[in-house]
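Numbering (the numbering used here), first residue to last: 291 to 723. Backbone N, C-alpha and C fix where the C-beta goes; we use that ideal spot for every residue, glycine too. What follows is a set of notes on a single structure, which appears directly below.
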Ligand code: DLL
């Protein structure tokens, strides 16, 4: 279903005209109300009157996470504090958290964006949605929450934490839709089976997954286990939260809500804007945001854009699944390795659980890569020869995809730590030395 036909299916040229008008207004706003942007534009000899069409966006400065940190906590806000009605903050694992503020209109745009996403997944007013993203400073819980209400469906604000209670609610309320990280969905499944329940006790139909990278193989795994359709939702707190982009029923690319969030893909080294289909770093401009508008924010997320009309009727640009973040990329013996590549190889083989841990270390000045995987119960045997053969088969597949050898370690089923929110699959011991 399409929630906002006018915006989602508008002719591409008409949307570009709208984006141009919105960009001009945005630049006017930040030039006059955010000293950081005024100074940057003055350095570049730019005036708001130089920005008239969306093509002019390339003249504007980039914004980075460091700029947000340097302006901690609220110096990039473009409105007086009295107009801010909500604050969220990023987890800030490395240093200060990033603070973002929303005006009432920003919250309306956010709810509308989530409602657009939900409609694209086939959620209707008749559905009940369990929101099992964390509630609190993280944008996942509250972001989804108000979008579900906006759509008119029923929201169950489960949050993270009490998995068993959640499972009982899912069953007893016959909840049709669940929103959580893909890794938490896998954990839920294990607990359901562990409690001796069967998926047929439930009425789940739709899963809304995001907040962390996940692969096409992971989608298949989740869809099969739960008997649901699993959809991707993308977003980041600096830009808004979940709902910057979403899949549609075609599951063939993630549509960016580009009347509000204008995307570009750049070469992360040279900052050159890349054409469609070429992979690089996603850069987003918040065309309508009031609280903390950002010009050309460098997300570090790696993807490629594709313009065109989707079979669902939407004319909004799509992006590929996020391969990972440029700062998650491991460089092992000079070779670039993404955790998502490792996940894809493991899940290509039916013998393994979708649980893994990557351990990178340096021994005798040489990087080492260990991959811990859980063998599924039915495939685990005491027969050393067949276990060796399985290890060999996985090693060979890893080598062909990664171009380096990985030391595969089989670990006990259930021994890899399960996550309730964003999973942490990589332990890089090199940085600790
Ligand atoms: O994770 C917002 C969110 C919540 C999105 C719930 C979707 C669902 P942050 O904590 O600021 O916000 O983290 C944003 O998470 O830059 C990506 O690296 C990653 N990410 C988010 N969604 C996806 C996704 C939320 N669908 C960072 N696929 C982003 C891959 C994702 N990575």
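Under 8 Å between C-beta atoms of residue i and residue j
| i | j | result |
| --- | --- | --- |
| residue 586 | residue 573 | yes |
| residue 366 | residue 341 | no |
| residue 539 | residue 555 | no |
| residue 505 | residue 408 | no |
| residue 576 | residue 583 | yes |
| residue 644 | residue 715 | no |
| residue 424 | residue 453 | no |
| residue 331 | residue 321 | yes |
| residue 623 | residue 512 | no |
| residue 699 | residue 549 | no |
| residue 528 | residue 316 | no |
| residue 368 | residue 311 | no |
| residue 634 | residue 594 | no |
| residue 485 | residue 457 | yes |
| residue 294 | residue 326 | no |
| residue 671 | residue 677 | yes |
Check: residue i C-beta below 7 Å from any heavy atom of ligand 1
| i | result |
| --- | --- |
| residue 542 | no |
| residue 531 | yes |
| residue 404 | no |
| residue 628 | no |
| residue 436 | no |
| residue 503 | yes |
| residue 316 | no |
| residue 319 | no |
| residue 591 | yes |
| residue 411 | no |
| residue 584 | no |
| residue 429 | yes |
| residue 507 | no |
| residue 615 | yes |
| residue 527 | yes |
| residue 449 | no |
| residue 713 | no |
| residue 500 | yes |
| residue 380 | yes |
| residue 523 | yes |
Nearest residue (CA-CA) to residue i, options the options
| i | options | result |
| --- | --- | --- |
| residue 713 | 657, 697, 503, 518 | 503 |
| residue 508 | 449, 674, 672, 646 | 646 |
| residue 580 | 511, 391, 680, 310 | 391 |
| residue 461 | 569, 438, 516 | 516 |
| residue 388 | 667, 530, 547 | 530 |
| residue 490 | 568, 514, 440, 362 | 514 |
| residue 411 | 614, 602, 610 | 602 |
| residue 546 | 438, 609, 568 | 609 |
| residue 653 | 720, 590, 519, 668 | 720 |
| residue 666 | 480, 590, 527, 498 | 480 |
| residue 661 | 672, 642, 533, 676 | 642 |
| residue 393 | 375, 703, 414 | 375 |
| residue 429 | 399, 364, 464, 379 | 379 |
| residue 464 | 474, 307, 416 | 416 |
| residue 439 | 319, 625, 398, 675 | 398 |
| residue 558 | 591, 458, 649, 683 | 591 |
| residue 400 | 306, 578, 484 | 578 |
| residue 648 | 621, 669, 640, 668 | 621 |
| residue 541 | 525, 563, 510, 458 | 510 |
8 Å contact criterion, which residue i and residue j should meet: CB distance rounded
| i | j | result |
| --- | --- | --- |
| residue 299 | residue 605 | 6 Å |
| residue 561 | residue 352 | 7 Å |
| residue 664 | residue 709 | Contact flag wrong, Cβ pair sits at about 14 Å. |
| residue 659 | residue 686 | In fact, because the Cβ distance is near 15 Å, the residues do not count as touching under 8 Å. |
| residue 263 | residue 302 | Residue coverage of the chain in this structure runs from 291 to 723, which leaves residue 263 outside it and unanswerable. |
| residue 471 | residue 501 | 5 Å |
| residue 692 | residue 631 | 6 Å |
| residue 533 | residue 518 | Not confirmed; about 20 Å, so no contact. |
| residue 498 | residue 474 | Going by Cβ atoms, the distance from residue 498 to residue 474 rounds to 12 Å, so no, they are not a contact pair. |
| residue 413 | residue 459 | Not really, about 18 Å apart at Cβ, beyond 8 Å. |
Closer than 7 Å: residue i CB and nearest ligand 3 heavy atom
| i | result |
| --- | --- |
| residue 610 | Ligands in the displayed structure: ligand 1; ligand 3 is not one of them. |
Exercise. Does the segment 545–562 come close enough to the segment 343–353 that 3 or more CB-CB pairs lie under 8 Å?
Worked result: Enough Cβ pairs lie closer than 8 Å, so yes.
For this session: Assess, as a yes-or-no matter, whether the segment 395–415 is touched by the segment 426–443 under the definition of 3 or more beta carbon pairs within less than 8 Å.
Result: Three or more Cβ pairs closer than 8 Å define a contact, and the segment 426–443 meets that threshold against the segment 395–415.
Problem set entry | the segment 611–620 contacting the segment 479–494, beta-carbon criterion three pairs below 8 Å | Output reads no: the segment 479–494 does not touch the segment 611–620.
Problem set entry | Any 3 or more C-beta pairs closer than 8 Å across the segment 436–446 and the segment 412–420 | Output reads yes: the segment 412–420 touches the segment 436–446.
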